[in-house]
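In this note's numbering, the protein residues as written are 38 to 152.
Shown next, in the form of structure tokens:
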């Protein structure tokens, strides 16, 4: 685990980012600085201050190519991705919010790419 990080339950979870946390589920990873995964299966919070609240195979990477705030989130669903700075996906399946300040509320195979 990373410095000031915690894993408080589940199986095969990893909190490797500084001050990151995983609170349950299986095979979840919180590797971004201050990131969190609250449960589910095979979720990844890799961006700085990013979070995944559950579901399966979701990714919140935020602005992961730079050392600035990501603050992206995925609230649940399946194979969703919030990769834009301060972007969010609220649920559904196979949705992508890749633009800065973008969001996808749900549904399937939706993309929010602009700013």
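For every residue, glycine included, the Cβ atom is placed at its ideal position computed from N, Cα and C. Because the structure is a prediction, the values reported are computed rather than measured.
* What do you reckon, are the CB atoms on residue 112 and residue 136 nearer than 8 Å? -> no
* **residue 152, buried or exposed, once every other Cβ within 10 Å from all chains shown has been counted against 16** => exposed
* Asked: So, helix, strand or coil for residue 51, using DSSP?
  -> strand
* Taking all protein chains shown into account, decide if residue 83 is buried (16 or more other Cβ within 10 angstroms of its Cβ) or exposed. => buried
* Asked: Under 8 Å, do residue 145 and residue 130 count as touching if we go by C-beta distance?
  -> yes
* Can you grab the Cα-Cα spacing for the pair residue 114 / residue 57, in whole Å? => 22 Å
* Pick helix, strand or coil for residue 88, following the three-state DSSP scheme. => strand
* **residue 121 versus residue 72: straight-line alpha-carbon distance, rounded** => Straight-line Cα distance between these residues: approximately 15 Å.
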